[in-house]
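2 protein chains.
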Amino acid sequence: MGITERKEREKQEMRDKIIDAAISMFLEEGYEKTSIRNIAEKIEYSPATIYLYYKDKDELLYDVQKQAFGKLDDVFREKITAADPFERLEQICRTYVWFGINNPELYDLMFIIKAPMNAIDDNEWHNGDQALNALIGCVTECLSKQEIRFSDPRVAALSIWSMGHGLISLNIRCRIKEELIGNIDKEEMINKCINEYVQLIKK
Amino acid sequence: MGITERKEREKQEMRDKIIDAAISMFLEEGYEKTSIRNIAEKIEYSPATIYLYYKDKDELLYDVQKQAFGKLDDVFREKITAADPFERLEQICRTYVWFGINNPELYDLMFIIKAPMNAIDDNEWHNGDQALNALIGCVTECLSKQEIRFSDPRVAALSIWSMGHGLISLNIRCRIKEELIGNIDKEEMINKCINEYVQLIKK
DNA sequence: TTGAAATAATGAACACTGTTCAGTAAATTT
DNA sequence: AAATTTACTGAACAGTGTTCATTATTTCAA
Numbered sequence: 005m006g007i008t009e010r011k012e013r014e015k016q017e018m019r020d021k022i023i024d025a026a027i028s029m030f031l032e033e034g035y036e037k038t039s040i041r042n043i044a045e046k047i048e049y050s051p052a053t054i055y056l057y058y059k060d061k062d063e064l065l066y067d068v069q070k071q072a073f074g075k076l077d078d079v080f081r082e083k084i085t086a087a088d089p090f091e092r093l094e095q096i097c098r099t100y101v102w103f104g105i106n107n108p109e110l111y112d113l114m115f116i117i118k119a120p121m122n123a124i125d126d127n128e129w130h131n132g133d134q135a136l137n138a139l140i141g142c143v144t145e146c147l148s149k150q151e152i153r154f155s156d157p158r159v160a161a162l163s164i165w166s167m168g169h170g171l172i173s174l175n176i177r178c179r180i181k182e183e184l185i186g187n188i189d190k191e192e193m194i195n196k197c198i199n200e201y202v203q204l205i206k207k
Numbered sequence: 005m006g007i008t009e010r011k012e013r014e015k016q017e018m019r020d021k022i023i024d025a026a027i028s029m030f031l032e033e034g035y036e037k038t039s040i041r042n043i044a045e046k047i048e049y050s051p052a053t054i055y056l057y058y059k060d061k062d063e064l065l066y067d068v069q070k071q072a073f074g075k076l077d078d079v080f081r082e083k084i085t086a087a088d089p090f091e092r093l094e095q096i097c098r099t100y101v102w103f104g105i106n107n108p109e110l111y112d113l114m115f116i117i118k119a120p121m122n123a124i125d126d127n128e129w130h131n132g133d134q135a136l137n138a139l140i141g142c143v144t145e146c147l148s149k150q151e152i153r154f155s156d157p158r159v160a161a162l163s164i165w166s167m168g169h170g171l172i173s174l175n176i177r178c179r180i181k182e183e184l185i186g187n188i189d190k191e192e193m194i195n196k197c198i199n200e201y202v203q204l205i206k207k
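Line by line, the protein sequences give chains A and B. In this text, residue positions in the first sequence follow the numbering used here: the first is 5, and each later residue adds one. In this text, residue positions in the second sequence follow the numbering used here: the first is 5, and each later residue adds one.
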């Protein structure tokens with residue numbers, strides 16, 4: 005039954021076509037402009053066609069989010085290289101924040117906007133697993149070597165992540181007033197915060 | 005000229021009517037359901053009328069945001085009472101996170117969603133000033149008494165704020181997986197993070 | 001008091017959005 | 001070649017923010 009396989013393949017190709025269009029739209033125009041109608045127009049199909057491949061917009065965005073997390077994983081694989089766990093933890097923090105600041109639209113979809121978290125129930129969201137496990141594994145190692153001032157790996161992981169996420173998302177959403185950062189630029193200020201934080205958690 | 009004053013008063017009353025409707029809508033239904041049309045229906049006016057009092061939706065939401073910050077200020081005035089600066093800093097952290105967790109829709113408007121930050125240019129956003137100054141004042145005092153492990157008050161303020169914001173916003177946006185927090189509930193986990201953080205920054 | 005000017009409010013429209021569904025066109029199977 | 005399954009779409013529904021010509025009301029001057 006070669007036809008069934010071809011059909012299957014074509015179905016996947018169409019899904020790829022859709023999320024490729026969606027992702028490039030996301031990167032170029034951001035979330036607001038990425039509408040079903042715009043995606044449909046880009047791939048030269050009717051809007052209704054997209055609903056033959058995705059149940060709704062959230063399900064589609066979930067796949068785009070998966071791609072976004074894939075990009076984060078790529079960056080992590082490239083930059084998180086240190087053998088020493090604390091050194092690696094520092095690399096994780098800096099790389100994570102770097103990624104967020106330099107990919108605001110992707111970060112938005114991954115961690116800030118509501119969509120596509122309505123599409124999935126809590127225990128089936130696996131998009132962030134790889135990066136999260138990297139962090140948890142790292143802090144666990146740090147703890148066993150007594151290199152960080154935390155008692156529990158989960159508390160440590162959530163705390164560190166929250167710190168990074170806070171810096172990124174306040175910046176992306178323009179909630180950091182000029183007064184607060186003084187004359188230096190925002191990225192420099194964020195780096196200072198990371199520097200201080202790394203010193204704080206170091207044992 | 006009593007008429008001019010009455011007109012002025014009536015104009016303000018109408019604006020109040022609009023944001024009152026908007027704020028109750030925000031609290032009951034959240035950002036998504038708070039549309040110009042719904043607000044108009046609630047106050048029994050035409051949608052177009054709202055545009056006689058507000059330039060656009062963002063300008064309206066800016067006023068709602070102002071009210072939300074007012075509520076935060078109220079809570080701060082009630083809960084931030086300690087004379088000792090470090091004790092007060094701890095109160096600020098706990099109160100801030102408590103407010104965010106218990107007023108997710110308001111917090112959303114204040115710090116997470118894009119709107120209404122497009123309505124205002126960077127240097128004219130004064131909605132968060134009071135709370136921010138409370139934080140900056142407090143860390144400055146902590147620093148002068150050498151009670152926290154920071155060197156710069158601005159870095160300290162942004163760091164502490166980011167930590168709190170990270171915890172709240174990751175929670176509100178359902179990005180914290182069950183695995184990460186184990187068997188305890190999320191609020192307890194968040195409290196543990198604050199506890200550890202307070203210890204971290206304590207000198 | 002009456003007519004003119006200024007103010008206030010609205011209905012209807014525009015250009016969007018996500019989504020559904022009946023109907024058509026194409027491919028596959030019988 | 002006919003019947004059936006699959007793929008696709010146009011048009012519609014209900015919603016969004018926003019604008020504007022038109023209408024109703026109020027204020028002011030003669």
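Beta carbons: idealized from backbone N, C-alpha and C, even for Gly.
Alpha carbon to alpha carbon, how far is B/Ile188 from A/Ala138? Give it in angstroms, no decimals.
The count along the first sequence starts at 1 and reaches residue 138 of chain A at position 134. The count along the second sequence starts at 1 and reaches residue 188 of chain B at position 184. Going by the C-alpha atoms only, they are around 22 Å apart.
Taking 8 Å as the threshold (C-beta atoms), are B/Ala119 and B/Leu76 in contact?
Residue 76 of chain B sits at position 72 when you count from the first residue of the second sequence. Residue 119 of chain B sits at position 115 when you count from the first residue of the second sequence. Going by C-beta atoms, B/Leu76 is not nearer than 8 Å to B/Ala119.
When the Cα of B/Val68 is compared with those of B/Lys149, B/Pro157, B/Arg179 and B/Asp20, which residue comes out closest?
Mapped onto the second sequence, residue 68 of chain B falls at position 64. When each option's Cα is compared against that of B/Val68, the closest is B/Asp20.
Where does the unbroken alpha helix (DSSP H) through B/Ile172 begin, and where does it stop?
As a position in the second sequence, residue 172 of chain B is number 168, starting the count at 1. Per DSSP, B/Ile172 is one residue of the alpha helix (DSSP H) stretching across Pro157 to Ile176.
Below 8 Å, can you find three or more Cβ-Cβ pairs linking the region 99 to 119 of chain B to the region 24 to 34 of chain B?
As far as the Cβ criterion goes, the region 99 to 119 of chain B touches the region 24 to 34 of chain B, which means the pair count is three or higher.
For A/Gly132, which residues in the same chain have their Cβ closer than 8 Å to its Cβ, ignoring the five residues on either side in sequence?
Here residue 132 of chain A is taken as the residue at index 128 of the first sequence, counted from 1. Closer than 8 Å at Cβ, skipping near neighbours: Phe73 and Met114.
Let me see if you follow: with CB-CB separation under 8 Å, is A/Val202 close to chain B or not?
Along the first sequence, read from residue 1 onward, the residue named residue 202 of chain A stands at position 198. No - not a single Cβ of chain B is within 8 Å of the one on A/Val202.
By the three-class DSSP mapping on this structure, what secondary structure does B/Ile152 have?
Within the second sequence, the letter at position 148 stands for residue 152 of chain B. It is a strand residue.
Taking the continuous alpha helix (DSSP H) assigned at A/Gly104, which residues delimit it?
In the first sequence, residue 104 of chain A corresponds to position 100, counting from 1. Taken as a continuous stretch (DSSP letters only), the alpha helix (DSSP H) holding A/Gly104 covers Pro89 to Asn106.
Within the region 10 to 48 of chain B, note down every full alpha helix (DSSP H) run reaching 4 residues or more, in order along the chain.
40 to 46
Let me know the secondary structure DSSP gives B/Lys206 once reduced to three states.
As a working mapping, residue 206 of chain B is identified with position 202 in the second sequence. Strand.
Tell me which residues of the region 84 to 112 of chain A have at least one Cβ-Cβ distance to chain B shorter than 8 Å, keeping chain order.
none
Apart from the five residues just before and just after B/Ile84, which ones in its own chain have a Cβ nearer than 7 Å to its Cβ?
Counted from its first residue, the second sequence places residue 84 of chain B at position 80. Shown here for B/Ile84: same chain residues with a beta carbon closer than 7 Å to its own, the five before and five after excluded, namely Arg92, Gln95, Ile96, Thr99 and Ala138 in chain order.
Quick one, which of A/Met121, A/Pro157 and A/Cys142 has its alpha-carbon nearest A/Lys70's?
Here residue 70 of chain A is taken as the residue at index 66 of the first sequence, counted from 1. Among A/Met121, A/Pro157 and A/Cys142, the Cα nearest to that of A/Lys70 belongs to A/Met121.
At which residues does the alpha helix (DSSP H) containing B/Ile185 begin and terminate?
Locating residue 185 of chain B in the second sequence gives position 181, where the first residue counts as 1. Segment Glu182 to Ile185, the alpha helix (DSSP H) holding B/Ile185.
Judging by CA-CA distance, which residue of A/Asn106, A/Asp62 and A/Lys149 is the nearest neighbour of A/Ile117?
Position 113 of the first sequence, counted from the start, is the residue given in the question as residue 117 of chain A. The shortest Cα separation from A/Ile117 among A/Asn106, A/Asp62 and A/Lys149 belongs to A/Asp62.
Quick check on B/Ser163: buried or exposed, where buried means 16 or more other Cβ atoms within 10 Å of its Cβ?
Working through the second sequence from its first residue, we reach residue 163 of chain B at position 159. With 16 or more other Cβ atoms within 10 Å, it is buried.
Quick one: Cα of B/Asn199 to Cα of A/Asn127, how far?
For the purposes of this step, residue 199 of chain B is identified with residue 195 of the second sequence, where counting begins at 1. For the purposes of this step, residue 127 of chain A is identified with residue 123 of the first sequence, where counting begins at 1. Those two C-alpha atoms are separated by around 27 Å.
Should A/Leu64 and A/Ile27 be called a contact, given that it needs their Cβ atoms to be closer than 8 Å?
Looking up residue 64 of chain A in the first sequence gives position 60. Looking up residue 27 of chain A in the first sequence gives position 23. A distance of 8 Å or more separates the beta carbons of A/Leu64 and A/Ile27.
Looking at B/His130 and A/Leu174, is the spacing between their C-beta atoms short of 8 Å?
Within the first sequence, the letter at position 170 stands for residue 174 of chain A. Within the second sequence, the letter at position 126 stands for residue 130 of chain B. Not closer than 8 Å, so no.
Going by DSSP, what residue range makes up the alpha helix (DSSP H) through B/Ala119?
To locate residue 119 of chain B, count along the second sequence from 1; it is residue 115. Neither: B/Ala119 is in no alpha helix (DSSP H) and is coded neither H nor E.
By DSSP, does B/Ala138 sit in helix, in strand, or in coil?
One-based indexing of the second sequence puts residue 138 of chain B at position 134. Three-state result, B/Ala138: helix.
Is A/Thr38 buried or exposed, if buried means 16 or more other CB atoms sit within 10 Å of its CB?
Here residue 38 of chain A is taken as the residue at index 34 of the first sequence, counted from 1. Burial state of A/Thr38 is buried, judged by a 10 Å Cβ sphere holding 16 or more other Cβ atoms.
Over the uninterrupted alpha helix (DSSP H) stretch that includes B/Arg81, give me the two end residues.
Your numbering for residue 81 of chain B matches position 77 in the second sequence. Here the alpha helix (DSSP H) through B/Arg81 covers Lys61 to Lys83.
Could you tell me whether the Cβ atoms of A/Val143 and B/Lys196 are closer together than 8 Å?
Counted from its first residue, the first sequence places residue 143 of chain A at position 139. Counted from its first residue, the second sequence places residue 196 of chain B at position 192. No, the Cβ-Cβ distance between A/Val143 and B/Lys196 is not below 8 Å.
Comparing the C-beta of A/Phe154 with each C-beta of chain B, is any distance below 8 Å?
For this step, residue 154 of chain A is matched to residue 150 along the first sequence. Cβ-Cβ to chain B under 8 Å: yes for A/Phe154.
Starting from the C-beta of A/Ile152, find all residues in its chain whose C-beta is less than 8 Å away, skip the five residues before and the five after it, and write them out in chain order.
Position 148 of the first sequence holds residue 152 of chain A. Once the five neighbours on either side are set aside, the close Cβ partners of A/Ile152 are Phe90, Leu93, Val143, Cys146, Ala160, Ile205, Lys206 and Lys207.
With a cut-off of 8 Å, does the C-beta of B/Ala123 fall near any C-beta of chain A?
Sequence index remark: in the second sequence, residue 123 of chain B carries index 119 (1-based). Taking Cβ atoms only, chain A never reaches closer than 8 Å to B/Ala123, which makes this a no.
Between A/Lys46, A/Gln203, A/Asn106 and A/Glu14, which lies nearest to A/Ala25 when the distance is taken from Cα to Cα?
The residue labelled residue 25 of chain A in the question sits at position 21 within the first sequence. Nearest option by C-alpha distance: A/Lys46.
Where does B/Ala52 fall in DSSP's three states?
Taking the first residue of the second sequence as position 1, residue 52 of chain B is located at position 48. Three-state result, B/Ala52: helix.
My output table needs one value for A/Asp133: the three-state DSSP class, helix, strand or coil.
Taking the first sequence and counting its residues from 1, the one referred to as residue 133 of chain A is at position 129. DSSP places A/Asp133 in helix when its eight states are reduced to three.
Would you call B/Ser166 buried or exposed, if buried means 16 or more other Cβ atoms sit within 10 Å of its Cβ?
Stepping through the second sequence from its first residue, residue 166 of chain B is reached at position 162. Looking at its Cβ environment, which holds 16 or more other Cβ atoms inside 10 Å, B/Ser166 is buried.
Taking A/Asn127 as the query, report the chain B residues whose CB atoms sit under 9 Å from its CB, ordered along the chain.
Indexing the first sequence from 1 puts residue 127 of chain A at position 123. By Cβ distance, chain B contributes Lys181, Glu182 and Glu183.
Let me confirm a value: A/Ala52 is counted as buried when at least 16 other C-beta atoms fall within 10 Å, else exposed. Which label applies?
Here residue 52 of chain A refers to the residue found at position 48 when the first sequence is read from its first residue. That one is exposed.
So B/Met29 and B/Tyr57 are in contact, right, with Cβ under 8 Å, and what is the actual spacing, rounded?
In the second sequence, the residue the question calls residue 29 of chain B occupies position 25. In the second sequence, the residue the question calls residue 57 of chain B occupies position 53. Between B/Met29 and B/Tyr57 a beta carbon distance of about 16 Å is seen, past the 8 Å cut, so the two are scored as non-contacting.
Does the distance from the CB of A/Ile180 to the CB of A/Val101 come in under 8 Å?
Position 176 of the first sequence, counted from the start, is the residue given in the question as residue 180 of chain A. Position 97 of the first sequence, counted from the start, is the residue given in the question as residue 101 of chain A. Result no, Cβ atoms of A/Ile180 and A/Val101 do not sit closer than 8 Å.
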